[in-house]
Structures are given as C-alpha cells and as structure tokens.
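K.L.:
Protein chains in written order, with our numbering: chain B, 2 to 306; chain Y, 2 to 306.
Here's what the structure looks like:
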C-alpha cells in the first residue's frame, strides 16, 4: 500500500485552452486510490498521456458547472464503459449535472454498464463528502459568478510506528502490535511495562490539500484551508488586470499569494491561467513577491503533498 | 481568395483516445472557409494547437451520435462565445443532438450569444446539405451500429482562365472578361471574332473529398464516392480482427482499400484506428497491398485534395 499523497495536474488553463494547456482537471492519488478534482474537456486524453489507470478512479468531485470544469465527464465515462468497467463510480457535483448527463444518454440512446452515482452537493454550505480509513474529502463554498465549491483532501492521523529494536528484541504478537499502535504500553511476560512513548516513533502529521477554483479573493474560505500543506488557488490574472478579475469573479496571482499567507499554508500552487499568459514567469513572480513558496501548476506536474 | 482545398486531421483515433490520438475531427478548408467534419472531444484544443481560426468555422457536420464524434461541440461553442463570436454557426447532425445541447445549456444555465442553427439530417437518405458559389456538401448513409452518414465535399466547376497574352494584347473590358469566362468568344472592334477555345485555358477539373466513418464495408456508398480525388475511409482494424470489425460494425484496412479500388478514387486516407495499433505500419501495409496510393491520417496532417 503506497502512502503517497500526490496531486497530478491534468489541466491548468482557464476557460479557453491553449496549445499546451487543457481545461481544469487534477488527479489526487492517496493510498493507492485516485480521485479526480474537476474533469474538463480532454481529461481522458490527459489520463492516457500520463499513463494513469482509469479504473482506479472511483470518485470525481466537480467544483461548478462552467463548461471548462466538467465537459470531460461523458467521454471519460464512455471510455471506462468501453474498457469493460464494472465497478461503480461516484460523482459529487451540483444536482444540475443530472440534466446534462441525462441529455447525453438520451441523445446517444446509451446506458452505462456500470453504476454511476451522482451525489448532489448542497449549495452554500460546507460538508464532508467522503471518508475512508485514510482520508476525508470535504467541500466548502467559494465565490464565483455561479455557485462554486472548493475541496479539502485531508489525511487522517496515522498510527505511530513501533521502534525496530523493540520488535527485534521482544517479538510482540500481532495483537500487542495493534494495541501499541493504538496507544497502549507493552506489558512484558514478567509484568514489566514499557511506556508507549518510549517504544514508538510518532507518525508524520496528517497532510492536507485544498483545491480552490474558480473564485474571487474571499477570506470566507480561511476556516477550511488554514494550515494546509498545499493550497491550489486559482490565479487567472495578474494585478494589472484586477478590474477584469473582479468583474469575472476570478483572482490575481497576488491575491492567491495573499490568501496563502493569511491561511499560513506550507506551499501554494497557482493555475487556471488566462490565455493571455503565454509565459508564466510574470504570474509566478507576482505571487512569489508575497508568498515565496509558490509553484506554477502545469500539465503533467506531479506534486507530493 | 485562396483556391486551396485541404483537409487537416484533428483526431485519428477510434472511440478510445491514446496519448497521441484524439477522437475523430477533421477540418476542411476550401476557398478561405473552414468546415468541420465531426467534432470529437478536444477538437477545440487541436484547433488551438494547429493555430486554426475558430471564427472562420461556420458549418459543422456530424456523422453520428457516438460520443467520440460530437463531444467536442459544447466546449468549442463555449469558447467561440468567450471569444466574442457574433456570427451564426450551422450544425448538420441527427436531430437527437438537440437533446444533448439543450441539456448542456440547461445544466449550465447559459445561452450562446450568437445564433446556433441545428439542421437535422434525415436518416437513411442522401441529400445536399449546403452549397455556395464554390462547393457543395452532401451526405449519404453508411452502415454502422447506429444511424451514421458520410459526407462528400465537391468543388463546383471553375471558369476557364483567359490566356495572359490575350489580356495583354487586347485589353478586354471587365464585361468582356466575364462573358469570355462564361463561354463567349471575344468580338474585336473591327468585328473580328476570337474563338473562346483559342483564348482560354480550361480550368482544373473540380476536386472532391469523401469522408466515410464509422461503417462496415458497404458497396451502397459507391454511387456517392466513385471517382473522388481523396477518400477518407475508416480502418479501425486489420484483417486478423475481421470478426471484431464485423461485430462492432467497423472496417479493416484491407476493406477500406478494396473500397478505394472499387470506387476508383485517386487517393485513400485511412484512420479511426483502434487503440491496439500503436505503430501504424501494419495497418498501412495491409491497405497498400490492395491500393497503393494510401496514406495514414495522423494529428496535424494537412492534405491537399
């Protein structure tokens, strides 16, 4: 079981794609499972390009119903179908997606041969959408021209590791190992106790990734993103286009960086670039002036959270 | 006014795209106008990649309603909208596309700011869909698992050219030039007549392009494609997969070549390759054994008709 927690960028453009940039889509890999955040047109092509298994994706989260954030869904599902998928897939999205998907299935007179569950995200509220033993994925509202949500992928606290020399010396049973990992001391056959703190190494702190697009600068998201290891915050424009950013309900690179600073995140990743930025140096530099630990997202980039 | 008549391949894959191949889409350029034949997912990305002006496309023809042949439409139209398009666009397609497009517009609560006319193609019949001064585009049924049509783009006969020495020597008026181009002789001021055949060079014969995908081998298309300069015929499989070609209602490379031979076309272009053909040499060689003047379609290829 891989403990990797990575984000792979499948699309970094805003609404109008460029010759190098696809519409928004990101793959979060965590404990051997894949989760898609947004699914812009061409997502299936990008997945093929980066040799990512379609069949390990079983949960998709869509931020909002602008064309560049969900148009890849019917193609991706159709290909999964052609590849013989049988296992169910879950899509978390505003309920209006049903109209689009029903229209697609009716127009093509087709049905999927695997269960596709569409879970409606209620508007204007935060909510835990999914959890398993390892992670929890929740959603929170952001501020855009249409209802729009961000997502928070949070690792659950891991168990401590038992020191190697303890294992080698005392050969604890499976049951004892389980108990120690859950906080118990080790009781030896002579009744002597080894304190939990002395025989374990604390686990790495849980990691977290916040995905915030499309939105104007809004501090209403601070309660959800504060302290995350990696924040993806859209930066459609630079400061000279601030008026346009405001009118189209998008953010500038500087605003994304200010949010990263306010939220005390460890690292900022920017993206959703307007078609006007052929070279991203300008966008990156603007953000770095405010928040040094900033990186640019680009197609194919894999970031460890 | 360019007299070029070219076909640019935007997508050459069958239903499942690969890292290099997009779903079906072709751009036909003729007398400075662009026509799209099919519009698979990612068509707008390919148009950007090959620097093709979106705004010169005003007519789109869709062969059938399998996902890989039309899913690029809503994204392309959305981008045209964002780019400020005002001029109308015409889509020739089976009427069921309306259900899909309506679903998209309802789900996104959006409307196009330019007129989008969907012209239903009647099923199981051939028909002229469009003509202007230079070309005629017609459609004819092919044989697939669902109703499916091919397209024929045919140049209209051009006027003869007047020999340069005649222009230089006699300086005919605009009116005289017009008459000569329409077959009249040139009457000089002394009443002497110069015969049309002596003062003109006959125009190049009209060129034609036939687009045939997705289909099993069917000679029912011969009346429509016979003698074309360039035939695009799908070749999803090779002969060793003939049973699968039949059951999925597709053709093999050999069958495409046999059709090219029977139809006495000048050149054959194959495509719509199954994902199993990473290297196309096998597919091309199979076709060439039957019909030597065969080429493989691939993304970015521009062919002069």
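For each residue, glycine too, the CB sits at the ideal point set by N, CA and C.
Using C-beta distances below 7 Å, list every residue in its chain close to residue 129 of chain B, excluding the 5 sequence neighbours before and after it, in chain order.
P.N.:
For this step, residue 129 of chain B is matched to residue 128 along the first chain. Correct list, in chain order: 137, 139.
K.L.:
Would residue 49 of chain B count as contacting chain Y if we go by Cβ distances under 7 Å?
P.N.:
Start at 1 with the first residue of the first chain, and residue 49 of chain B comes out as number 48. Chain Y, which has a Cβ nearer than 7 Å to the Cβ of residue 49 of chain B, makes this yes.
K.L.:
Evaluate contact between the segment 206-217 of chain B and the segment 142-150 of chain B, counting only Cβ atoms and requiring at least three cross-stretch pairs below 8 Å.
P.N.:
Short answer: they touch.
K.L.:
Does any CB atom of chain B fall closer than 7 Å to the CB of residue 297 of chain Y?
P.N.:
Against the second chain, residue 297 of chain Y aligns to sequence position 296. Closer than 7 Å: no.
K.L.:
Per DSSP, what kind of secondary structure is residue 49 of chain Y in: helix, strand or coil?
P.N.:
In the second chain, residue 49 of chain Y corresponds to position 48, counting from 1. Residue state, collapsed to three classes: helix.
K.L.:
What does residue 14 of chain Y pair with, by DSSP beta-bridge criteria?
P.N.:
Numbered from 1 along the second chain, position 13 holds the residue referred to as residue 14 of chain Y. DSSP lists Y/274 as partners of residue 14 of chain Y.
K.L.:
Would you tell me roughly how many angstroms separate the C-alpha atoms of residue 294 of chain B and residue 246 of chain Y, rounded to the nearest one?
P.N.:
Against the first chain, residue 294 of chain B aligns to sequence position 293. Against the second chain, residue 246 of chain Y aligns to sequence position 245. Whole-angstrom Cα-Cα distance: 54 Å.
K.L.:
For the pair the segment 152-170 of chain B and the segment 196-211 of chain B, tell me if three or more CB-CB distances fall below 8 Å.
P.N.:
Contact between the segment 152-170 of chain B and the segment 196-211 of chain B is present, because at least three Cβ pairs lie under 8 Å.
K.L.:
Considering only the beta carbon of each residue, do residue 53 of chain B and residue 93 of chain B sit closer than 7 Å?
P.N.:
Indexing the first chain from 1 puts residue 53 of chain B at position 52. Indexing the first chain from 1 puts residue 93 of chain B at position 92. It is not a contact, given that the beta carbons lie outside the stated cut-off.
K.L.:
With distances taken from CA atoms, which of Y/174, Y/116, Y/96, Y/25 is nearest residue 85 of chain Y?
P.N.:
Taking the first residue of the second chain as 1, we reach residue 85 of chain Y at position 84. Closest option to residue 85 of chain Y, Cα to Cα, is Y/116.
K.L.:
Please go through the same chain and pick out, in chain order, the residues whose beta-carbon is closer than 7 Å to the beta-carbon of residue 265 of chain B, but skip the five residues on each side of it.
P.N.:
Taking the first chain and counting its residues from 1, the one referred to as residue 265 of chain B is at position 264. So the qualifying residues of the chain are 227, 228.
K.L.:
Going straight from the alpha carbon of residue 308 of chain Y to that of residue 107 of chain Y, what length do you get?
P.N.:
The question about residue 308 of chain Y has no answer here: the residues shown for chain Y are numbered 2 through 306.
K.L.:
At 7 Å on the CB atoms, spell out the chain Y contacts of residue 97 of chain B, in chain order.
P.N.:
As a position in the first chain, residue 97 of chain B is number 96, starting the count at 1. In chain order: 108.
K.L.:
For residue 1 of chain Y, does the count of other Cβ atoms within 10 angstroms reach 16, so buried, or fall short, so exposed?
P.N.:
In the structure as shown, chain Y starts at 2 and stops at 306, and residue 1 of chain Y therefore has no counterpart that could be examined.
K.L.:
Who are the near neighbours of residue 268 of chain Y in its chain, counting only those whose CB is closer than 6 Å to its CB and skipping five residues on each side?
P.N.:
Walking along the second chain from the start, residue 268 of chain Y turns up at place 267. The residues are 231, 294.
K.L.:
Are the beta-carbon atoms belonging to residue 80 of chain B and residue 276 of chain B less than 7 Å from one another?
P.N.:
By one-based count along the first chain, residue 80 of chain B stands at place 79. By one-based count along the first chain, residue 276 of chain B stands at place 275. No, these two residues do not count as a Cβ contact at 7 Å.
K.L.:
So what's residue 32 of chain Y in DSSP terms, helix, strand or just coil?
P.N.:
For the purposes of this step, residue 32 of chain Y is taken as the residue at position 31 of the second chain. Correct three-state label for residue 32 of chain Y: coil.
K.L.:
Quick test of the definition: if touching needs 3 or more C-beta pairs under 8 Å, does the segment 59-74 of chain Y touch the segment 61-70 of chain B?
P.N.:
Verdict: no, contact absent.
K.L.:
Please report whether the beta-carbon of residue 211 of chain B lies at a distance below 7 Å from any beta-carbon of chain Y.
P.N.:
Reading the first chain from its first residue, position 210 is the one you call residue 211 of chain B. Residue 211 of chain B does not count as touching chain Y.
K.L.:
Please state if the CB of residue 225 of chain B and the CB of residue 292 of chain B are separated by a distance shorter than 7 Å.
P.N.:
Start at 1 with the first residue of the first chain, and residue 292 of chain B comes out as number 291. Start at 1 with the first residue of the first chain, and residue 225 of chain B comes out as number 224. No, the pair does not count as a contact, with Cβ atoms beyond the cut-off.
K.L.:
Exposed or buried, what is residue 43 of chain B when buried is set at 16 or more other beta-carbons lying within 10 Å of its beta-carbon?
P.N.:
Start at 1 with the first residue of the first chain, and residue 43 of chain B comes out as number 42. Burial call: buried.
K.L.:
For residue 156 of chain B, which of B/132, B/177, B/176, B/49 has the nearest alpha-carbon?
P.N.:
Here the question's residue 156 of chain B lines up with position 155 in the first chain. Among B/132, B/177, B/176, B/49, the Cα nearest to that of residue 156 of chain B belongs to B/132.
K.L.:
When Cβ atoms are compared, which residues of the segment 79-95 of chain Y fall closer than 8 Å to chain B?
P.N.:
Flagged, chain order: 79, 80, 83, 84.
K.L.:
Using only CA atoms, which one of Y/274, Y/290, Y/256, Y/24 lies nearest to residue 67 of chain Y?
P.N.:
To locate residue 67 of chain Y, count along the second chain from 1; it is residue 66. Ranking Y/274, Y/290, Y/256, Y/24 by Cα distance to residue 67 of chain Y puts Y/24 first.
K.L.:
In this structure, how does DSSP classify residue 85 of chain Y when only helix, strand and coil are distinguished?
P.N.:
Translated into positions along the second chain, residue 85 of chain Y becomes position 84. Residue 85 of chain Y: coil per DSSP, three-state reduction.
K.L.:
Determine which residues of the segment 53-72 of chain Y have a Cβ less than 8 Å from any Cβ of chain B, and write them out in chain order.
P.N.:
Within the segment 53-72 of chain Y, the residues whose Cβ lies closer than 8 Å to some Cβ of chain B are 66, 67, 68, 69, 72, listed in chain order.
K.L.:
I want to see whether chain Y comes within less than 7 Å of residue 101 of chain B, judged by CB atoms only; does it?
P.N.:
Taking the first residue of the first chain as position 1, residue 101 of chain B is located at position 100. By this cut-off, residue 101 of chain B is an interface position.
K.L.:
By the criterion of Cβ-Cβ separation under 9 Å, what are the contact partners of residue 23 of chain Y in chain B?
P.N.:
On the second chain, residue 23 of chain Y is found 22 positions in, with the first residue counted as 1. Simply 43, 46.
K.L.:
In its own chain, which residues sit with a C-beta less than 7 Å from the C-beta of residue 219 of chain Y, not counting the 5 before and 5 after it?
P.N.:
In the second chain, counting from the first residue as 1, residue 219 of chain Y sits at position 218. These residues qualify, in order along the chain: 143, 144.
K.L.:
Taking 7 Å as the CB-CB cut-off, is residue 237 of chain B touching chain Y?
P.N.:
As a working note, residue 237 of chain B is residue 236 in the first chain. Chain Y contact via Cβ: absent.
K.L.:
Starting from residue 194 of chain B, follow its DSSP beta bridges and name the residues at the other end.
P.N.:
Mapped onto the first chain, residue 194 of chain B falls at position 193. In DSSP, residue 194 of chain B forms a bridge with B/188.
K.L.:
Would you call residue 174 of chain B buried or exposed, if buried means 16 or more other Cβ atoms sit within 10 Å of its Cβ?
P.N.:
By 1-based counting over the first chain, the position of residue 174 of chain B is 173. Classification for residue 174 of chain B: exposed.
K.L.:
If we call anything under 7 Å between Cβ atoms a contact, is residue 288 of chain B one with residue 254 of chain B?
P.N.:
In the first chain, the residue the question calls residue 288 of chain B occupies position 287. In the first chain, the residue the question calls residue 254 of chain B occupies position 253. Against a cut-off of 7 Å, the Cβ pair of residue 254 of chain B and residue 288 of chain B comes out as a contact.
K.L.:
Does any CB atom of chain Y fall closer than 7 Å to the CB of residue 292 of chain B?
P.N.:
To locate residue 292 of chain B, count along the first chain from 1; it is residue 291. Taking Cβ atoms only, chain Y never reaches closer than 7 Å to residue 292 of chain B, which makes this a no.
K.L.:
My assumption, with CB atoms under 8 Å, is that residue 332 of chain B sits in contact with residue 76 of chain Y. Please give the rounded CB distance.
P.N.:
The first residue shown for chain B is 2 and the last is 306, placing residue 332 of chain B beyond what the model contains.
K.L.:
Are residue 7 of chain Y and residue 305 of chain Y touching if we call contact CB-CB under 7 Å?
P.N.:
For the purposes of this step, residue 7 of chain Y is taken as the residue at position 6 of the second chain. For the purposes of this step, residue 305 of chain Y is taken as the residue at position 304 of the second chain. Yes; because the gap between Cβ atoms is below 7 Å, this pair is in contact.
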